[in-house]
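A.B. asks: Okay, here's the structure, questions in a sec.
Residue numbers (the working numbering): 5 to 156.
Written out as structure tokens, the structure is:
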């Protein structure tokens, strides 16, 4: 796999991002990229949508939110979506995405990065734990809430 790089979501890559294909069964754990694109448009001040390339191939889409005025701590720096192309999974794309979101969170002064996910056999629980999230509870929808410390 070529070196990974992050780019802003834009008119040139939005269709390609929307066409990312996950592994069978994973669709139930993440909203379609098209939903994220709409959310990013509506929440332009807080949404942070990015695509991940390996060489010239788009291999992932991520969206975080950074909102210093959020009333709930977990919404101040939160991974909202992560879609990694089926053929690129297991190659470090997800870890790269989390690292880039964490870097942005640190740049913005966040002490923690949060993520929320649904449990389940094909879900992302093992991934988030592996990249450094600690489970701190569940939200009102029964999703797992994980936290990663960004400060030393």
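Beta carbons are placed, not taken as given, at the ideal position from N, Cα and C, and that holds for glycine.
Here the structure is a predicted model, which means the values were calculated and not measured.
In its own chain, which residues sit with a C-beta less than 7 Å from the C-beta of residue 11, not counting the 5 before and 5 after it?
C.D. replies: 17, 54, 55 and 57
A.B. asks: With C-beta atoms as the reference, is residue 117 less than 8 Å away from residue 109?
C.D. replies: In contact: residue 117 and residue 109 (Cβ atoms closer than 8 Å).
A.B. asks: In terms of residue numbering, what span does the beta strand (DSSP E) encompassing residue 149 cover?
C.D. replies: 148–153
A.B. asks: Just to confirm, is the Cβ distance from residue 101 to residue 141 under 8 Å?
C.D. replies: no
A.B. asks: Only counting the same chain, and skipping five residues up and downstream in sequence, which positions put a Cβ closer than 7 Å to that of residue 147?
C.D. replies: Result list for residue 147: 120, 121 and 122, in chain order.
A.B. asks: State yes or no: is the C-beta of residue 67 within less than 8 Å of the C-beta of residue 106?
C.D. replies: no
A.B. asks: DSSP three-state call for residue 110: helix, strand or coil?
C.D. replies: helix
A.B. asks: Of the choices 115, 130 and 139, whose alpha-carbon is the least far from that of residue 155?
C.D. replies: Of 115, 130 and 139, the residue nearest in Cα terms is 115.
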